[in-house]
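**Q** This structure is in C-alpha cells; I'll ask about it shortly.
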Amino acid sequence: MDTSSLMEQILSGDNLNKTYLQVVRNKGAEGVDGMKYTELQEHLEKNGENIKDQLRSRKYKPQPVRRVEIPKPEGGVRNLGVPTVTDRFIQQAIAQVLTPIYEEQFRPSGLKYLGFGFCFDTRAHQFKAKSHAKSVVKFKRRMKVLTCRRD
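Okay, so the sequence shown: first residue is 1 according to the UniProt record's numbering, each after it adds one.
Written out as C-alpha cells, the structure is:
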C-alpha cells in the first residue's frame, strides 16, 4: 500500500475542508490545551502548514487526553478521555480517508449475511425483525429439546 498517496489524500484541501466542517458540527469539549472548537479555524490558519509538515514527516505527536468523569445514573462514574480539538481534527481527516477503504475490504460484495443474524443490506427495522425471528426459532428449538426428555 502506497502510504505517501494515502497521506496526500488525508492532507488534501477537499478532505481537510470536510474535516473542519465535521469537527465544528460535532462541537465537543476542549482538551488539555484548553482550545475550544470555535478557535480551530484561527489555529489552522496559523499552524496548518506546520501540522501538515509534521504529519508528512511522521513527527506529529498527539497531545495527552483530558480525563473527565461523567456520573452514571445508577451510580459510579464513566471515565472519558477528551482529545484536543487539533487531535480530533487529525483523527477525523484520517478516518474520512481510511474508512471507505477498510469498509470495502471487510465487506465483500457477495457477502450479505454474517453469523449471529447480522445482515448488511437491510434497514435497521428489517435487521431487528430478522434477528428477533431467528432468536425466537432458536429459543423454541432449545425449549423443545429440554421439554422432550426421555427417562
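Think of the CB as a built atom: it goes at the ideal place given N, C-alpha and C, for glycine as much as any other residue.
Am I right that L40 and V97 are in contact with their C-beta atoms under 8 Å? What's the rounded C-beta distance?
**A** L40 to V97, Cβ: 19 Å. No contact.
**Q** Express the C-alpha separation of G13 and N26 in angstroms, rounding to a whole number.
**A** Each residue's Cα considered, the two are about 20 Å apart.
**Q** As a quick exercise: from Q91, D87, R66, pick the residue whose alpha carbon is nearest that of N79.
**A** Out of Q91, D87, R66, R66 has the C-alpha closest to the C-alpha of N79.
**Q** Output the boundary residues of the alpha helix (DSSP H) element that contains P71.
**A** First-last for P71: 66-71, but that is the beta strand (DSSP E), not the alpha helix (DSSP H).
**Q** State the CB to CB distance for the pair G28 and R88, rounded to an integer number of angstroms; the pair is presumed to be in contact (CB under 8 Å).
**A** Going by Cβ atoms, the distance from G28 to R88 rounds to 7 Å, so yes, they are a contact pair.
**Q** Please return the same chain residues whose Cβ sits closer than 6 Å to the Cβ of P83, not counting the five positions on each side in sequence.
**A** The answer, listed in chain order, is G31, V65.
**Q** Judging by CA-CA distance, which residue of E103, T86, P100 is the nearest neighbour of V23?
**A** Of the candidates E103, T86, P100, the one whose C-alpha sits nearest the C-alpha of V23 is T86.
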